[in-house]
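Visitor: Residues 44 to 168 in the working numbering are what the sequence shown spells out, letter by letter.
Here a beta-carbon is modelled for each residue, glycine too, at the ideal position from N, C-alpha and C.
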Amino acid sequence: MINNLVGNCPVCGDDMIITSLKCPSCQTSISGNFKLDKFSKLKKEHLEFIEVFVKSRGNIKEVERELGISYPTVRNKLDEVIHALGHDIDQSPDDEMAEKRKEILAELENGDITAAKAVQKLGEI
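(1) How big is the Cα-Cα spacing for K160 and A149?
(2) Rounded to whole angstroms, how far is the Cβ of L60 from the Cβ of N76, which I believe are closer than 8 Å?
(3) Would you list the one or two residues that DSSP bridges to S74?
(4) Going straight from the alpha carbon of L90 to that of D131, what length do you get?
(5) Could you tell me the distance, in whole angstroms, from the CA atom of S74 to the CA atom of K65?
(6) Measuring only the C-alpha atoms, how far is K84 from Q163?
The following block contains the structure:
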């Protein structure tokens, strides 16, 4: 039986290392200490999101459609992946305002708020 690779220790959370590799065809084995790459350490849901994102060539509208989630949720999931890969997410004040506007419009589109409430929230930014 072949199991999926576990990137972090289930006990302490530290990075796991690979100590042996084996070829399933010729049975060649190699022993040592091997590091996992950044992607091997990602959670399953991050990898699934990356697969959809790459398959849709980064088209956020397509990711929204395939996963059945809103634009802000796609952005949040992308930010989570970026952070999990060890990168900081820098947002300018203009980016933050645009993001808030998009979130409000997504709430309106989903029927979570009324048009009057959306106008009020947009006026507060």
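Guide: On the basis of the supplied data:
(1) Computed Cα separation, rounded: 13 Å.
(2) In the sequence as presented, Leu is not what sits at residue 60; that position holds Ile. Right, the Cβ-Cβ distance comes to about 5 Å (below 8 Å), so this counts as a contact.
(3) S63, per the DSSP bridge assignment.
(4) Looking at the two C-alpha atoms, the distance is approximately 19 Å.
(5) About 9 Å.
(6) K84 and Q163: Cα-Cα distance of roughly 43 Å.
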